[in-house]
Amino acid sequence: MMQYTCLLSSICSYIGLCSVYFQSSFTYRFMKQKIFTLVLLLLAALSAHAQVTTSSLTGLIKDEKGEPSIGATVQAVHTPSGTRYGVAANGEGRFTIQNMRIGGPYTVEISFVGARTETRANINLELGQPYVLNVTLRAEGAQLQEVTVTGTSPRSILNSDKTGAITTIDRTALQRLPSISRSLSDFTRLTPQAGGAAGTIGGGSNRSNYFSVDGSDFNNNFGIGGNLPANGSPISLDAIEEISVNVTPYDVRQSGFTGAAINAVTRAGTNDFAGSVYGYFRNQSYQGSRVGDQNVVLQDQRFYQYGARLGGPIIKNKLFFFANYETEENRSPGQQRVAATDAAPFGSGTNVARPTATQLDTYAAFLRDKYGYDPGPYQGYSFVAPRTKILGRLDWNIAQNHHFNVRYSQVEGKSPSFPSTSRSPFGGYTYPNPNGNGTFVNGSGNRQQNSALFYQNANYFQEANFYSLAAELNSTFGRNGSTTNTLRGTYTRQNDPRSSPSSTVFPFVDILGPNGTPFTSFGTEPFTYGNLRDVKIYSVKDDFTWVLGRNNFTAGYQGDFSETKNGFQRFGTGYYTFASWDDFATGKNPVDFGITYSLTPGYAQAFPSFQYQQHSLYLQDEVAVSDRLRVTGGLRVDLTHYANTLRAFPLVAGLGFAG
Numbered sequence: 000m001m002q003y004t005c006l007l008s009s010i011c012s013y014i015g016l017c018s019v020y021f022q023s024s025f026t027y028r029f030m031k032q033k034i035f036t037l038v039l040l041l042l043a044a045l046s047a048h049a050q051v052t053t054s055s056l057t058g059l060i061k062d063e064k065g066e067p068s069i070g071a072t073v074q075a076v077h078t079p080s081g082t083r084y085g086v087a088a089n090g091e092g093r094f095t096i097q098n099m100r101i102g103g104p105y106t107v108e109i110s111f112v113g114a115r116t117e118t119r120a121n122i123n124l125e126l127g128q129p130y131v132l133n134v135t136l137r138a139e140g141a142q143l144q145e146v147t148v149t150g151t152s153p154r155s156i157l158n159s160d161k162t163g164a165i166t167t168i169d170r171t172a173l174q175r176l177p178s179i180s181r182s183l184s185d186f187t188r189l190t191p192q193a194g195g196a197a198g199t200i201g202g203g204s205n206r207s208n209y210f211s212v213d214g215s216d217f218n219n220n221f222g223i224g225g226n227l228p229a230n231g232s233p234i235s236l237d238a239i240e241e242i243s244v245n246v247t248p249y250d251v252r253q254s255g256f257t258g259a260a261i262n263a264v265t266r267a268g269t270n271d272f273a274g275s276v277y278g279y280f281r282n283q284s285y286q287g288s289r290v291g292d293q294n295v296v297l298q299d300q301r302f303y304q305y306g307a308r309l310g311g312p313i314i315k316n317k318l319f320f321f322a323n324y325e326t327e328e329n330r331s332p333g334q335q336r337v338a339a340t341d342a343a344p345f346g347s348g349t350n351v352a353r354p355t356a357t358q359l360d361t362y363a364a365f366l367r368d369k370y371g372y373d374p375g376p377y378q379g380y381s382f383v384a385p386r387t388k389i390l391g392r393l394d395w396n397i398a399q400n401h402h403f404n405v406r407y408s409q410v411e412g413k414s415p416s417f418p419s420t421s422r423s424p425f426g427g428y429t430y431p432n433p434n435g436n437g438t439f440v441n442g443s444g445n446r447q448q449n450s451a452l453f454y455q456n457a458n459y460f461q462e463a464n465f466y467s468l469a470a471e472l473n474s475t476f477g478r479n480g481s482t483t484n485t486l487r488g489t490y491t492r493q494n495d496p497r498s499s500p501s502s503t504v505f506p507f508v509d510i511l512g513p514n515g516t517p518f519t520s521f522g523t524e525p526f527t528y529g530n531l532r533d534v535k536i537y538s539v540k541d542d543f544t545w546v547l548g549r550n551n552f553t554a555g556y557q558g559d560f561s562e563t564k565n566g567f568q569r570f571g572t573g574y575y576t577f578a579s580w581d582d583f584a585t586g587k588n589p590v591d592f593g594i595t596y597s598l599t600p601g602y603a604q605a606f607p608s609f610q611y612q613q614h615s616l617y618l619q620d621e622v623a624v625s626d627r628l629r630v631t632g633g634l635r636v637d638l639t640h641y642a643n644t645l646r647a648f649p650l651v652a653g654l655g656f657a658g
């Protein structure tokens with residue numbers, strides 16, 4: 000297949016509506032007045048391409064003389080749900096049933112006037128791959144002899160209908176194979192082209208892969224973190240019917256990747272109620288305790304995951320539901336350093352910090368009494384990362400030729416982290432020694448070094464939330480079912496704000512020790528307040544397919560509309576550095592401080608945002624030259640457009656190096 004892609008790449012820069020003000024009360028004065036700063040959002044072109052969500056059945060029907068059985072009727076029934084599909088063979092005896100529900104088993108019945116009706120059972124269809132079924136019919140009333148019915152499994156390596164290097168992982172494999180992370184990435188490694196734990200496929204970066212679920216975009220479109228959103232686990236494995244890893248799919252409908260297109264389809268209900276309740280548990284006892292001849296000290300870790308699913312009929316053969324709920328908690332060691340005591344002074348152990356327990360208890364009591372702020376514990380706490388997943392799906396057989404499904408899913412979770420090591424005062428500037436005997440030069444120490452010990456509420460959570468909605472209508476037209484149409488609309492939202500362990504907002508404060516390096520810290524983490532990554536993607540896609548003789552034509556349009564919003568307001572709650580605890584407690588001036596505030600009316604935080612669009616047109620022809628040779632040719636054009644206009648800010652334009 001020839002594929003032509005026209006991409007208009009661009010770099011979007013944005014001038015943020017915020018002012019940053021710093022001042023050092025001693026030797027370093029950075030600014031005296033408010034100024035605008037330029038916030039540059041340098042984002043790679045987002046690419047959202049819906050992929051294939053169904054399968055197909057195709058073949059050739061002929062009589063004993065090898066003549067095509069023109070008009071022969073082909074009826075396929077998805078046995079678990081009673082979903083029916085039907086077409087008639089064309090003038091060459093060929094038939095194609097598009098947009099079929101994946102899996103099975105299917106029962107296929109082929110009938111023709113004057114011929115015996117033939118039935119083929121236990122047919123299972125793979126995602127995005129045609130199942131080839133060739134049938135030779137015998138005349139009715141003829142003496143019963145051998146009847147030839149041939150089928151080609153999509154899993155066969157020698158299947159001439161495979162469109163490129165493709166690996167399919169079905170529900171059986173998902174249930175039987177082990178998984179450490181309980182994520183899609185554990186199973187994509189089954190493809191021979193996979194490059195190990197990094198998630199690379201076909202030699203490309205893991206960011207070059209494209210993930211879709213029911214045709215909707217399941218990628219980290221902001222770009223910070225792993226390629227999969229929601230910390231790499233955007234959907235429950237128990238909600239997936241099948242995964243297809245496409246390395247070189249010769250299909251114009253699939254685009255937006257240079258590594259692999261990884262398509263997944265969720266489970267659907269059937270005529271039978273079916274469900275499960277499951278749980279997984281893992282702790283440090285499941286880890287090895289030796290590396291060679293060396294013993295390894297195992298840290299306390301616990302991972303729990305519980306879930307349930309249920310699917311079944313609302314109206315038998317007509318309307319079905321499927322639902323899945325899953326929750327998990329990953330508990331790991333938090334602060335492993337401890338405060339110094341008389342029995343274990345600073346330096347007596349590698350994990351004993353400089354602040355004493357008496358000092359830190361006194362500081363915490365002062366903050367609670369004077370400011371009503373609880374900084375939290377400073378040692379002995381764990382990191383807890385919760386996550387909850389919900390999925391619901393409805394399938395409606397409107398008629399034999401019209402099928403509709405809609406699916407909603409969401410993931411909400413968060414992961415704890417220590418406060419950033421980035422701080423001010425900046426290394427290299429001199430400040431008066433608190434002892435009054437000269438000056439010291441501030442070193443490169445940070446608040447996570449062994450001599451420092453901060454409070455728990457100085458940490459932060461990186462939230463990872465993902466919401467997705469997909470709806471699809473599959474229709475077949477014409478007496479012989481030669482024309483089909485797939486209309487799909489999807490919406491995804493990746494919402495990744497930062498949050499604090501404490502609901503109370505408090506300025507972040509660094510207390511320095513005698514040598515000018517951090518001693519303790521408390522308050523709202525300096526880069527957390529107003530920190531947000533939010534990406535919304537709306538997609539609409541329509542594929543029109545018609546069969547004409549030996550030709551299977553596909554034409555389609557796809558429109559992707561994205562809105563990205565980013566918030567980064569460092570020191571949004573205020574940041575202060577004091578030379579000692581006594582300076583803070585007695586109200587002396589800090590050695591350094593910074594605060595960021597918005598210049599919008601009412602000082603509401605400004606969130607820079609930009610919009611992005613991509614429009615795609617494609618055309619493809621698959622020619623069945625013979626039963627053993629198919630030729631595919633296609634053309635696809637992708638046009639990218641950024642709708643933003645750069646804003647002009649008079650105050651910025653008036654600034655210059657000359658003052």
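Residue numbers are given in numbering that gives the first Met the number 0: position 201 of the sequence shown equals residue 200, and the series is strictly consecutive. Each residue gets a CB set at the ideal place from its N, CA and C atoms; glycine is no exception. Keep in mind it's a predicted model, so treat the numbers as computed, not measured.
Under 8 Å between C-beta atoms of residue i and residue j
i	j	result
S498	Y459	yes
W545	T639	no
G306	Y285	no
S501	R446	no
L136	A164	no
R181	Y84	no
L511	G566	no
T722	N464	An answer regarding residue 722 cannot be provided, because it is not within the stretch 0 to 658 covered by the chain.
N226	N219	yes
N262	K315	no
T553	N98	no
R252	Q300	no
P354	A342	no
N404	R392	yes
T82	N494	no
T572	G632	no
E524	A603	no
Inter-residue Cα distance where the pair is residue i and residue j
i	j	result
Y454	F382	13 Å
F543	E471	14 Å
G194	A71	47 Å
E327	K388	9 Å
L654	S561	34 Å
D394	A267	7 Å
Y362	Y528	23 Å
V246	S467	25 Å
R119	S55	16 Å
P649	G222	32 Å
Y105	Y490	31 Å
F321	G371	49 Å
V337	G348	10 Å
Y574	V590	11 Å
S450	P374	19 Å
F659	Q568	Since the first residue of the chain shown is 0 and the last is 658, residue 659 is not available in this structure.
P415	Q335	14 Å
A75	D169	21 Å
Y249	T257	13 Å
Buried versus exposed call for residue i [16 or more other C-beta atoms within 10 Å across all chains shown]
i	result
F671	In the structure as shown, the chain begins at 0 and stops at 658. Residue 671 is therefore absent and cannot be evaluated.
E139	exposed
K587	exposed
S80	buried
K540	buried
N294	exposed
S243	buried
A642	exposed
Residue of the options minimising C-alpha distance to residue i
i	options	result
D62	N226, T82, V134 and E108	V134
F210	D581, V107 and P233	P233
F526	R487, R93 and G593	G593
T171	T190, E240 and Y130	E240
E108	G127, L126, A88 and G102	A88
V276	Q192, G255, Q304 and G287	Q304
Minimum Cβ-Cβ distance from residue i to chain C less than 8 Å
i	result
N226	Of the chains in the structure shown, none is chain C; there is only one protein chain.
Inside the stretch 527-564 only - alpha helix (DSSP H) runs reaching at least 4 residues: Complete alpha helix (DSSP H) runs here, min 4: none at all.
Segments assigned beta strand (DSSP E), at least 3 residues, entirely inside the stretch 577-638: For the stretch 577-638, whole beta strand (DSSP E) runs of length 3 or above, ordered along the chain, are 591-597 and 608-625.
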